[in-house]
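Working notes for the structure below.
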DNA sequence: ATGGCTAACATGGTTAGA
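Numbering (the numbering used here), first residue to last: 6 to 266.
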C-alpha cells in the first residue's frame, strides 16, 4: 500500500517578487505540502498574496521593507500562526510559525552576522539565544516540531566547499556552530544527515566568481526536527534544479518528506 | 586581488547579503 508523504520545503528566494515564476515552476512538478520562504523582501502590504492564491497556497507572512521577511505557505490551511519570537522585541522580520496537519513548523531567517567584529554578529548570537528559548518551549508544546530555514550557519566543515578559506569567518565560527549545537542538544535533528548524501552538497552558492559552476558553496539551509518527527522522515534532499534557471536565487530549496501515518 | 554578483531603493550610488 502506498503512503502519502508529507513534504516540508525551505527556500531563501532572495526577493519573492522576483522569484514568483520560479516558485510556480518549482511547485508545479513537486508535491510539496508546506514551504517556508525567507528573504521575501516585501512588506505585508506589498506581499504577492494574489500570486500565492493562484498557486493554490494558503498561509501567512511576516515582512518589512527592503530586507528580511518570511512566509509560511501550504496546500492546507495554516493554523495558530505566530510572527516573530514571542517576548523578544526584534525590529527585523525573521520568524513565522504555524501548524499544518498536526506538525508545528518554525520558519526562520537567522541573521547573517556580516563579520565577527560587527554589531550584526553580536545581534546574531543574541538572536540565536532567543531562538533557543523559543524552540525549547515549542518542543514541550509540540512533539512534532520542524524548525526550517536559512540558518546562516554551516554546521560542520563537510558543509563548506573550502574549510581552510572559510576558517574563523562568519557562518562557520565556533560561537555560531555552538548555538546550532545548542539547538541539537535540545533534541532537534538535522535530518539531511540522517541519509546518505553526495559529498560537497550545498544549498547556497555565491553569485560572484561563478560560485555555482565551481560548486563553491555552503550548506546553510536546514531542516531540523524533533526526534518524533525525525523518526518519520523518509528522505531529505537539496534540489539544485532552480539554481540552473534564469535569474536564480543564490539559495536553492531543501525538502524533507515524512510518513505521518 | 577583500572584489566579483544580485536586489532594493532610486534613477547614481549605497546597503546588504554570505
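Positions of the beta carbon are idealized from the N, C-alpha and C atoms, including for glycine. It should be emphasised that the depicted structure is a prediction, and the values quoted were computed from it without experimental measurement.
Look at the alpha carbon of residue i and the alpha carbon of residue j, and state the distance between them as a whole number of angstroms.
| i | j | result |
| --- | --- | --- |
| residue 198 | residue 240 | 10 Å |
| residue 103 | residue 163 | 31 Å |
| residue 215 | residue 224 | 17 Å |
| residue 1 | residue 55 | Lying outside 6 to 266, the shown extent of the chain, residue 1 is not represented and no answer is given. |
| residue 264 | residue 233 | 11 Å |
| residue 31 | residue 247 | 7 Å |
| residue 62 | residue 237 | 24 Å |
| residue 203 | residue 222 | 14 Å |
| residue 65 | residue 51 | 13 Å |
| residue 57 | residue 79 | 10 Å |
Can you find the residues in the same chain that come closer than 7 Å, C-beta to C-beta, to residue i, ignoring five residues on each side of it along the sequence?
| i | result |
| --- | --- |
| residue 29 | 60 |
| residue 121 | 175, 178 |
| residue 135 | 90, 93 |
| residue 130 | 180, 184 |
| residue 126 | 118, 119, 120, 175 |
DSSP puts residue i in a beta bridge; with which residues?
| i | result |
| --- | --- |
| residue 88 | 101 |
| residue 139 | DSSP, once it has assigned bridges, lists no residue as partnering residue 139. |
| residue 225 | Partner(s): none; residue 225 has no beta bridge. |
| residue 210 | 222 |
Starting from the C-beta of residue i, find all residues in its chain whose C-beta is less than 6 Å away, skip the five residues before and the five after it, and write them out in chain order.
| i | result |
| --- | --- |
| residue 97 | 73 |
| residue 43 | 17, 75, 114, 154, 155 |
| residue 37 | 12, 14 |
Excluding the 5 residues flanking residue i on each side, which residues of the same chain have their C-beta closer than 8 Å to its C-beta?
| i | result |
| --- | --- |
| residue 220 | 166, 205, 207, 210 |
Give the C-beta separation of residue i and residue j to the nearest angstrom, bearing in mind that I take them to be a contact with Cβ-Cβ under 8 Å.
| i | j | result |
| --- | --- | --- |
| residue 271 | residue 40 | No information on residue 271 is available, as it lies outside the stretch 6 to 266 that the chain covers here. |
| residue 110 | residue 153 | 6 Å |
| residue 191 | residue 144 | 6 Å |
| residue 81 | residue 105 | 6 Å |
**OP:** Kindly confirm or deny that the stretch 173-184 and the stretch 229-237 touch, where touching means at least three C-beta pairs closer than 8 Å.
**Re:** no
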